[in-house]
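J.: Before I ask anything, here is the structure I am working with.
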Amino acid sequence: MVRVNIVLLGVLVYTCVCFFSFVSCDVYMHSPRGSNNRNCEKNENRNNANRLFDSQNNAKGGYACPRAVGGPEVVTPTMYYYSGSILTVEWTSQHSCGATNNDCQIVLQYMCNDTAPGLRDGQPESATDAATTTIDEKDPDNPNRGQHETVEYYRKCKTRTRNLDLWTADRREENPGTLLQTSPATQTRQNPNGNRNGFECPEERDYYPYWHPTPWRDIAVFTNNITMCNFYKQNSQNVQNKGECVSNADPNVVLKYNNERSCSSSGEGQWVERGAFGTPPPECLSTASIMSRDNHLGSSITGQMASYKWVIPDAIVDRPCVLRLRYNMSSTDIGFSVDSRSNGRVKSPLIQDPFRDFGYASNLSLAVNTNQAGRTFQDRSYVFFIKKRPSNIKSWVKIHNIGVRGKRGNIVQTFPAVEYDFSPTELTIDAADLVHWQWTGSGYNPARNPNDGEGGPKDPIDAQLRSDRSNIVQLDYPGELLPRPVQWNTMFVNKNGKVDQDLVTKFAFIDQDLDDKNETTRCMNWQELLIKNNNNKNEAEVDVQNCAKLNKARTPYFDGGLVRLHATGTFYYYSTRNNNLSNRGQRASITVKKGWVSSAPRTTVTNGAQYGMALLSLLLVIMLSL
Ligand SMILES: *[C@@H]1O[C@H](CO)[C@@H](O)[C@H](O)[C@H]1NC(C)=O
Ligand SMILES: *[C@@H]1O[C@H](CO)[C@@H](O)[C@H](O)[C@H]1NC(C)=O
Ligand SMILES: *[C@@H]1O[C@H](CO)[C@@H](O)[C@H](O)[C@H]1NC(C)=O
Ligand SMILES: *[C@@H]1O[C@H](CO)[C@@H](O)[C@H](O)[C@H]1NC(C)=O
Ligand SMILES: *[C@@H]1O[C@H](CO)[C@@H](O)[C@H](O)[C@H]1NC(C)=O
26 MVRVNIVLLG VLVYTCVCFF SFVSCDVYMH SPRGSNNRNC EKNENRNNAN RLFDSQNNAK
86 GGYACPRAVG GPEVVTPTMY YYSGSILTVE WTSQHSCGAT NNDCQIVLQY MCNDTAPGLR
146 DGQPESATDA ATTTIDEKDP DNPNRGQHET VEYYRKCKTR TRNLDLWTAD RREENPGTLL
206 QTSPATQTRQ NPNGNRNGFE CPEERDYYPY WHPTPWRDIA VFTNNITMCN FYKQNSQNVQ
266 NKGECVSNAD PNVVLKYNNE RSCSSSGEGQ WVERGAFGTP PPECLSTASI MSRDNHLGSS
326 ITGQMASYKW VIPDAIVDRP CVLRLRYNMS STDIGFSVDS RSNGRVKSPL IQDPFRDFGY
386 ASNLSLAVNT NQAGRTFQDR SYVFFIKKRP SNIKSWVKIH NIGVRGKRGN IVQTFPAVEY
446 DFSPTELTID AADLVHWQWT GSGYNPARNP NDGEGGPKDP IDAQLRSDRS NIVQLDYPGE
506 LLPRPVQWNT MFVNKNGKVD QDLVTKFAFI DQDLDDKNET TRCMNWQELL IKNNNNKNEA
566 EVDVQNCAKL NKARTPYFDG GLVRLHATGT FYYYSTRNNN LSNRGQRASI TVKKGWVSSA
626 PRTTVTNGAQ YGMALLSLLL VIMLSL
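Converting from the sequence shown to our numbering requires adding 25 to each position, the first position being numbered 1.
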């Protein structure tokens with residue numbers, strides 16, 4: 026039989042909206058949602074680039090805080106992933122990776138509140154509070170301020186002398202008074218002035234693997250040069266202790282000495298090795314598998330965004346954690362081994378903005394910024410929890426996480442973030458596997474009117490439209506706009522092959538209370554909505570009683586729980602709220618191999634008069650499973 030589904034997939038055409046960009050745009054994590062240092066600001070641009078970490082990204086990037094608008098009284102559940110489950114991490118990076126135009130590493134790490142007590146996003150105090158102020162060294166416990174690394178960790182970094190072996194190019198000449206022999210580890214070639222970003226240690230940020238203890242556990246490293254893999258695996262803090270100079274006078278104080286010899290000979294302290302997590306080394310992969318080209322924030326060579334399938338570790342459960350992605354790209358003029366022997370304007374292989382003839386007939390002017398010629402971009406997720414995998418799930422059963430990436434707005438408005446999509450958009454699983462559909466969004470997007478984003482509810486403060494909501498409804502074919510009629514639903518069936526009405530409803534209406542009888546909160550039909558809104562269609566669409574648009578869902582968070590798909594085949598689904606051909610496509614597919622029920626819909630149609638429908642649906646199932 027013809028692969029109808031593939032042909033139809035090809036028919037799905039997105040209108041290409043060409044846009045110009047005046048921004049520099051670097052690495053953005055899309056799933057889980059990367060903050061790019063945002064929190065609860067409703068602006069186009071983030072408020073504070075120094076909030077938690079140094080991303081070096083464009084201010085327009087990032088996804089707003091995963092909350093419904095409000096202060097502490099508005100509780101929005103936090104994303105969680107089961108230990109052992111598979112989470113697809115997706116990102117885009119701008120300056121190419123895995124090709125020949127630079128030397129590229131991608132470093133994926135996570136930390137939880139065991140090595141970073143106090144880890145938090147920062148909680149708004151009221152519905153008008155963005156909670157974007159940088160944490161104060163003197164008031165690190167203020168819950169309003171987000172915190173990743175701890176103040177103790179930052180103090181060590183600020184006390185410790187910088188690593189004098191590092192290549193600093195001509196930054197000492199370009200930034201007089203910085204990067205001295207005595208300067209601390211907060212000053213680096215990329216951050217010569219020692220600016221503070223949260224409690225991140227700049228020297229640790231710029232280099233990997235780092236040589237002193239950090240709170241970061243390694244997940245994976247992608248590299249252009251896989252002969253480096255042994256080095257990464259052996260020097261990862263997952264397996265290797267890291268040292269610091271602990272004061273003899275006070276074991277809680279770390280001194281300025283950054284190596285064992287100077288520490289011991291100072292007579293003031295003792296070199297203490299610690300920090301190995303005792304977990305397997307990071308996975309090391311070639312960047313060829315995620316190759317992307319220059320000046321392009323889109324798909325990699327795979328046709329999908331660059332991604333990594335992270336198996337959530339067992340080591341840590343019931344704790345808040347964050348994910349960190351670094352995109353490290355260097356000009357190939359400066360190899361990994363270039364060090365302090367090449368420092369200064371005379372010896373450095375690269376100097377700031379050369380104006381030279383290079384043997385040519387006249388001078389050429391090059392744009393070389395030596396604090397960016399090797400550069401590290403970064404993004405981090407919001408806080409999520411790792412939960413222990415339920416003990417009644419058999420060991421061979423895999424749990425797959427599927428979420429929603431993207432934010433409210435059209436392709437230009439969301440850039441360099443993206444429009445709504447499921448993540449991953451295509452997934453193949455075994456019949457025994459479980460799927461954990463779960464997503465969050467924000468109530469804090471820049472206002473996007475009905476033309477550029479769908480549905481409500483309205484912002485409680487200014488009645489603007491900022492909210493994200495998504496749902497799942499099965500499609501017959503990926504290119505269609507109308508849902509598959511519910512009696513033929515094959516995606517959510519029970520083990521007898523009958524349509525699981527509760528599950529179908531849960532995913533279509535994301536836990537909105539459809540039985541609510543209260544006049545001011547109940548779901549209204551379109552006619553009622555129009556009457557309530559004086560025939561204003563736009564108002565009716567965003568009305569909080571419009572459950573068809575999911576507006577009654579109180580928060581942008583939804584948890585579908587663990588779902589087993591009993592039928593075999595490829596199932597197509599979309600979000601009826603957000604999908605709007607030809608403005609936005611939020612569609613995905615999931616393929617179940619060797620499902621336990623292959624004729625699922627048949628058993629739901631027992632009535633003789635509906636025999637024809639049953640036959641048709643059986644046909645569809647067969648088609649879908651080929
Ligand atoms: C962080 O960890 C501690 C246990 O060390 C726990 O009591 C605390 O509640 C955690 N913090 C959060 C925000 O969950
Ligand atoms: C980035 O690359 C440089 C040069 O190869 C290297 O020294 C540094 O450790 C790398 N940093 C990260 C975060 O990977
Ligand atoms: C790759 O790494 C190896 C081992 O560290 C090194 O000897 C070699 O020079 C590197 N190759 C390139 C092209 O950087
Ligand atoms: C190029 O500029 C340098 C000074 O930056 C100057 O000394 C030199 O004469 C110039 N060369 C030519 C060919 O103009
Ligand atoms: C779908 O997108 C178009 C074009 O942006 C917009 O005019 C329309 O309002 C959208 N549909 C709905 C139901 O919001």
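Here a beta-carbon is modelled for each residue, glycine too, at the ideal position from N, C-alpha and C.
Out of curiosity, what's the CA-to-CA distance linking isoleucine 131 and lysine 258?
T.: 14 Å
J.: I need the boundaries of the beta strand (DSSP E) containing asparagine 64, first residue and last residue.
T.: Element bounds for asparagine 64: n/a, residue is neither H nor E.
J.: Just mark tyrosine 385 as buried or exposed, buried being the case when its beta carbon has 16 or more other beta carbons within 10 Å.
T.: exposed
J.: If you reduce the DSSP assignment to three classes, tell me which class tryptophan 513 lands in.
T.: helix
J.: May I ask you to report which of helix, strand or coil DSSP gives threonine 616?
T.: strand
J.: Tell me which same chain residues have a C-beta within less than 6 Å of the C-beta of arginine 349, skipping the five on either side of it?
T.: Gln134, Arg405
J.: Between which residues of its own chain and serine 246 is the CB-CB distance below 6 Å, once the five residues before and five after are set aside?
T.: Checking the sequence shown, residue 246 turns out to be valine, not serine. Taken in chain order, the residues that qualify are Val132, Tyr257, Pro307, Cys309.
J.: Exposed or buried, what is serine 420 when buried is set at 16 or more other beta-carbons lying within 10 Å of its beta-carbon?
T.: exposed
J.: Apart from the five residues just before and just after asparagine 260, which ones in its own chain have a Cβ nearer than 6 Å to its Cβ?
T.: Pro234
J.: How about valine 342 and valine 408: do their beta carbons lie closer than 9 Å?
T.: no
J.: Bridge partners of threonine 595, per DSSP?
T.: Thr616
J.: Mind checking serine 492: buried by the 16 CB within 10 Å criterion, or exposed?
T.: buried
J.: Tell me the DSSP secondary structure of threonine 628 in three-state form.
T.: With a pLDDT of 30 at threonine 628, under the threshold of 50, the modelled position of that residue is not reliable, and the figure given next carries that caveat. In this structure, DSSP gives threonine 628 a helical state, which the three-state scheme calls helix.
J.: Use the C-beta contact count for asparagine 216: other C-beta atoms within 10 angstroms, 16 or more gives buried, fewer gives exposed.
T.: Buried.
J.: For arginine 252, which of helix, strand or coil comes out of DSSP?
T.: The sequence given here places threonine at residue 252; arginine does not occur at that position. If DSSP states are grouped into helix, strand and coil, threonine 252 belongs with the helices.
J.: Is DSSP giving isoleucine 556 helix, strand or coil here?
T.: Residue state, collapsed to three classes: helix.
J.: Classify alanine 488 as buried or exposed, calling it buried when 16 or more other Cβ atoms lie within 10 Å of its own Cβ.
T.: Its Cβ having fewer than 16 others within 10 Å, alanine 488 is exposed.
J.: Going by other Cβ atoms of all chains shown within 10 Å of its Cβ, with 16 needed for buried, is tryptophan 335 buried or exposed?
T.: buried
J.: Using only CA atoms, which one of Thr580, Ala592, Asn320 lies nearest to glycine 466?
T.: Thr580
J.: DSSP on threonine 453, reduced to helix/strand/coil?
T.: strand
J.: State the DSSP-derived secondary structure class of leucine 606, mapped to helix, strand or coil.
T.: coil
J.: For proline 345, verify whether its CB is less than 8 Å away from any heavy atom of ligand 1.
T.: Proline 345: yes, Cβ under 8 Å from ligand 1.
J.: Is it buried or exposed, alanine 274, if we count other Cβ atoms within 10 angstroms and call 16 or more buried?
T.: exposed
J.: Is the beta carbon of threonine 140 less than 9 Å from the beta carbon of arginine 242?
T.: For threonine 140 and arginine 242, yes; Cβs fall inside 9 Å.
J.: Per DSSP, what kind of secondary structure is alanine 245 in: helix, strand or coil?
T.: Three-state result, alanine 245: strand.
J.: Is the closest heavy atom of ligand 5 to the C-beta of glutamate 566 under 8 Å?
T.: Relative to ligand 5, the nearest heavy atom lies less than 8 Å away from the CB of glutamate 566.
J.: Between Ile454, Ile535, Met316, which lies nearest to threonine 595 when the distance is taken from Cα to Cα?
T.: Ile454
J.: Tell me whether phenylalanine 652 counts as near ligand 3, meaning its Cβ is closer than 8 Å to at least one heavy atom of that ligand.
T.: A question about residue 652 goes unanswered here, because the residues of the chain that appear run from 26 up to 651.
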